[in-house]
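K.L.:
Please find one structure pasted underneath; my questions will follow.
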């Protein structure tokens, strides 16, 4: 059921965000980067739950579209620190209303109390998982 709910969320997001041109995973990466600029790719894996190889592909696509910038990390010369470009900030800003609309549409069948309980439960599931 959780997998099906995730698929439904992705479908709703895709429908809402088709003008913005971001996938749910691209949105997740841009959001994570916006919350803490300079994150290394390994940390983005932890924050988004996207596996390393998929994240590398998403990062390459975002870089190719000019939505992110990367530079060698000062702490670890083998790693890249990721930050949003001005174009990435715009794309994320443009996609945020669609993401909010998708969330609202997905959770519309729940009362406010159930919605809050559901989101708390999801947070507990994610937190209990430790490292992804």
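In the numbering used here, the protein residues as written are 400 to 531. Don't be surprised by glycine CBs; every beta carbon is placed ideally from N, CA and C.
(1) Counting only runs that start and end within the segment 477–528, where is the beta strand (DSSP E) found for 3 or more residues in a row?
(2) So which of 422, 404 and 447 has the shortest CA-CA distance to residue 460?
(3) Can you tell me which of 470, 494 and 516 puts its alpha carbon nearest to the alpha carbon of residue 424?
(4) Can you name the residues that DSSP bridges to residue 439?
(5) By how many angstroms is the C-alpha of residue 475 removed from the C-alpha of residue 427?
(6) Do the segment 489–507 and the segment 426–440 make contact, defined as three or more Cβ pairs closer than 8 Å?
(7) Can you tell me where the alpha helix (DSSP H) holding residue 457 begins and where it ends?
(8) Do residue 518 and residue 481 come within 8 Å of each other at the CB atom, strictly closer than that value?
(9) Sorted by chain position, which residues of the same chain lie with C-beta nearer than 7 Å to residue 409's C-beta, five sequence neighbours on each side aside?
(10) Would you mind stating whether residue 572 and residue 468 have Cβ atoms separated by less than 8 Å?
P.N.:
Straight from the coordinates:
(1) 479–483
(2) Considering only alpha carbons, the answer is 422.
(3) 494
(4) 480
(5) 24 Å
(6) yes
(7) 451–463
(8) No. Outside cutoff.
(9) 423
(10) It is not possible to answer for residue 572, since the shown part of the chain is limited to 400 through 531.
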